[in-house]
Amino acid sequence: MAISFHNVQPLFLSPLLFFIEIPQLGNSFWLALSVSTSLNAIAYTIYLKAIKISDLSIIAPVTTFTPLFLLITSPLIVGEFPKLLGMFGVFLIVVGSYLLNIKEKQRGYFAPFRAIIIDQGSRLALLVAFIWSISSNFDQVGVQNSSPIFWGISIFFTISILLLPIVLYKSHHNRYKLKTGGWKLVIYGMINSVAMGCQMMAINLTFVAYVIYVKRTSALFSVILGKIILK
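Residue numbering for the sequence shown follows the numbering used here, starting at 35 and increasing by one per position.
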């Protein structure tokens with residue numbers, strides 16, 4: 035069911051092809067598309083496994099380490115070096131991740147960091163954060179070699195194809211859930227399509243690390259909504 039969410043997004047973005055100008059593709063477009071979509075498909079499946087075996091309140095904050103990894107991957111891949119103030123902002127995100135897990139303090143103030151070693155879901159989430167730090171840079175390369183909207187459509191469409199075998203396999207075993215959860219697919223697809231479009235336009239305007247830094251503050255909302263909806 036969760037993977038099916040990702041496959042409906044092209045349905046909302048594809049019609050935009052009739053209203054935008056198809057850009058001239060740069061030399062690095064296809065390489066960026068191959069790398070970004072492959073990494074995102076892998077990261078997405080790992081993330082789903084992580085939230086299945088661990089608490090969302092632990093998993094979501096760990097993914098905010100992506101901006102920290104970007105301080106290493108961005109200079110290597112796209113040659114971006116954030117300013118000192120930007121690096122300080124990344125540090126605040128890491129500290130915020132710790133504070134979101136401060137309930138662990140009865141087992142020691144460093145318990146949230148130890149959870150990454152002890153908890154398998156946390157380790158998987160950390161791996162996902164690192165993968166995203168690589169794919170985000172290739173998203174910028176893709177945007178620079180096409181356009182924000184065209185790139186968003188391209189990666190969603192390609193990732194959907196990569197995940198299709200899993201969707202077909204899961205749908206065969208969960209037909210009832212798919213039938214009763216169709217409206218959730220529509221809502222998720224619409225919201226995530228808008229979010230992705232905004233992200234790609236932002237990547238075209240500033241450093242990747244800054245964009246992902248802002249995006250990862252969603253961990254706070256994930257924890258709050260998780261407590262409300264999943265309690």
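By construction, the Cβ of each residue, glycine as well, lies at the ideal position given by its N, Cα and C atoms.
Just the C-alpha distance for residue i and residue j, rounded to the nearest angstrom, thanks.
i: Ser169; j: Ser156; result: 20 Å
i: Leu73; j: Ile165; result: 6 Å
i: Val245; j: Met230; result: 12 Å
i: Leu198; j: Phe190; result: 12 Å
i: Asp89; j: Phe99; result: 17 Å
i: Ser180; j: Leu118; result: 30 Å
Could you say which of the options lies nearest to residue i if we only look at CA atoms?
i: Ser70; options: Val177, Leu239, Phe241; result: Val177
i: Ser62; options: Val112, Pro95, Ala77; result: Val112
i: Ala77; options: Ile92, Thr97, Gln58; result: Thr97
Quick one: grab the DSSP three-state call for residue i.
i: Ile168; result: helix
i: Gln58; result: coil
i: Ser180; result: coil
i: Leu239; result: coil
i: Asn112; result: Note on residue identity: the sequence assigns Val, not Asn, to residue 112. Val112 falls in the coil class under three-state DSSP.
i: Ser70; result: helix
i: Ser194; result: helix
i: Ser88; result: coil
i: Lys83; result: helix
Applying the 10 Å Cβ sphere with the 16-neighbour rule, what's the burial state of residue i?
i: Leu126; result: exposed
i: Lys86; result: exposed
i: Trp64; result: exposed
i: Ile106; result: exposed
i: Ile187; result: buried
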